[in-house]
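Visitor: Residue numbers (the working numbering): -1 to 271.
Cβ coordinates follow ideal geometry from the N, Cα and C atoms, glycine included.
Structure below; questions to follow.
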């Protein structure tokens, strides 16, 4: 049974889609999981551009309008099954049908990753309702943190509390909000601290997920650590860190707790089925 992961944000430009594409690619190519990646940014879909799907024949828009069965909208790239959005769609959608549509695919995948809309309306709500776990992408600045708090409030109101924060585009910690302050303000653990990486720009230009374009980049290594927690395996530590016996960072501890939570929920789901 698939674990449905919603990647959300309510501020554009934080790197949500870059992370969604890279996470899906890492789960498949590094951890050998069967993954479906869904573009739920209905008003401004661009996941296809990150996954080199420029002219999709069928899209999530066709699925939600009843013009296509969900299986026919799946495109495979970089080992990942992708349901992209339509760049030209005009009309009305019942976006809250997403949960029912992807439910038909649950038994075929280990993970379903949903790249959400950054708009605080029914579009982001469709991802929240369809997901088992939500992760919010935020950058370490006050305007984005404010938006993340709003997302957390909405998720909690819908009975879908956010499982963790993916802190992205870290540039100069001297002038950025630190992990402790973010966790105290939101009450949500930071499970990844991802540095700003110029490889993301090049990867998007080439239409390749960053974790494939530059596997050994700092960005890719942090995504791999997050993915390791989701699949329940021990994350790799650097040789230098092991030799020096360096203490675990707070985000590493949070990932360990996340891993244990995912493992226990998987056992519960197996027992129920």
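What's the gap between the Cα of residue 81 and the Cα of residue 24?
Guide: Using only the alpha carbons, I get a separation of about 17 Å.
Visitor: Given a cut-off of 7 Å on the beta-carbon distance, is the pair residue 198 and residue 161 in contact?
Guide: No, the pair does not count as a contact, with Cβ atoms beyond the cut-off.
Visitor: Anyone know if the C-beta pair for residue 4 and residue 112 falls short of 7 Å?
Guide: Closer than 7 Å, so yes.
Visitor: Report the rounded CA-to-CA distance for residue 194 versus residue 234, giving the unit in angstroms.
Guide: So the two alpha carbons sit approximately 21 Å from each other.
Visitor: Determine the contact status of residue 102 and residue 127, defining contact as a CB-CB distance below 7 Å.
Guide: Cβ atoms of residue 102 and residue 127: not closer than 7 Å.
Visitor: Excluding sequence positions up to five away, which residues of its chain have a Cβ less than 6 Å from the Cβ of residue 32?
Guide: 107 and 108, listed in sequence order.
Visitor: Going by C-alpha to C-alpha distance, which of 69, 134 and 18 sits closest to residue 180?
Guide: It is 134 whose Cα lies nearest to the Cα of residue 180.
Visitor: Just the Cα atoms here: how many angstroms apart are residue 105 and residue 184?
Guide: Straight-line Cα distance between these residues: approximately 34 Å.
Visitor: Just to confirm the assignment, what range does the beta strand (DSSP E) spanning residue 24 have?
Guide: Run containing residue 24: none in the beta strand (DSSP E); it sits in the alpha helix (DSSP H), 14 to 27.
Visitor: Which whole runs of the alpha helix (DSSP H) in the stretch 42 to 106 are 4 residues long or more, in chain order?
Guide: For the stretch 42 to 106, whole alpha helix (DSSP H) runs of length 4 or above, ordered along the chain, are 45 to 48, 58 to 62 and 96 to 101.
Visitor: Report the rounded CA-to-CA distance for residue 146 versus residue 178, giving the unit in angstroms.
Guide: Going by the C-alpha atoms only, they are around 15 Å apart.
Visitor: If residue 137 and residue 167 are in contact, beta carbons under 8 Å, what's the gap, nearest whole angstrom?
Guide: Indeed they touch by this definition, with Cβ atoms about 5 Å apart.
Visitor: If residue 47 and residue 37 are in contact, beta carbons under 8 Å, what's the gap, nearest whole angstrom?
Guide: Not quite, the Cβ-Cβ distance comes to about 10 Å (not below 8 Å), so this is no contact.
Visitor: So what's residue 9 in DSSP terms, helix, strand or just coil?
Guide: Coil, per DSSP.
Visitor: For a quick check, are the C-beta atoms of residue 29 and residue 225 less than 7 Å apart?
Guide: A contact, by the Cβ cut-off of 7 Å.
Visitor: Report buried or exposed for residue 253, applying the criterion of at least 16 other Cβ atoms within 10 angstroms of its Cβ.
Guide: The residue is buried, with at least 16 neighbouring Cβ atoms inside 10 Å.
Visitor: Taking C-beta to C-beta, are residue 205 and residue 79 nearer than 7 Å?
Guide: No; because the gap between Cβ atoms is not below 7 Å, this pair is not in contact.
Visitor: The alpha helix (DSSP H) with residue 193 in it runs from where to where?
Guide: No alpha helix (DSSP H) holds residue 193; the beta strand (DSSP E) holding it covers 188 to 193.
Visitor: Please state the DSSP three-state secondary structure of residue 229.
Guide: Helix at residue 229.
Visitor: Between the Cα of residue 255 and the Cα atoms of 64, 119, 17 and 186, which residue gives the shortest distance?
Guide: Ranking the options by Cα distance to residue 255, first place goes to 186.
Visitor: Ignore the nearest five residues each way along the sequence and tell me which others in residue 92's own chain have a CB closer than 7 Å to its CB.
Guide: Once the five neighbours on either side are set aside, the close Cβ partners of residue 92 are 62.
Visitor: My understanding is that residue 83 touches residue 40, with C-beta atoms under 8 Å, so please give their C-beta distance in whole angstroms.
Guide: Indeed they touch by this definition, with Cβ atoms about 6 Å apart.
Visitor: What first and last residue would you give for the beta strand (DSSP E) that runs through residue 131?
Guide: That run of the beta strand (DSSP E) goes 131 to 136.
Visitor: So which of 54, 208 and 230 has the shortest CA-CA distance to residue 85?
Guide: Ranking 54, 208 and 230 by Cα distance to residue 85 puts 54 first.
Visitor: Among all the DSSP beta bridges, which residues are the ones paired with residue 37?
Guide: According to DSSP, which records beta bridges pairwise, residue 37 is partnered with 113.
Visitor: Mapping the DSSP letters down to three states, classify residue 170 as helix, strand or coil.
Guide: Correct three-state label for residue 170: coil.
Visitor: By DSSP, does residue 3 sit in helix, in strand, or in coil?
Guide: Strand at residue 3.
Visitor: Residues in its own chain within less than 8 Å of residue 139 by CB, not counting five upstream and five downstream?
Guide: Cβ neighbours of residue 139 beyond the five flanking positions: 174 and 175.
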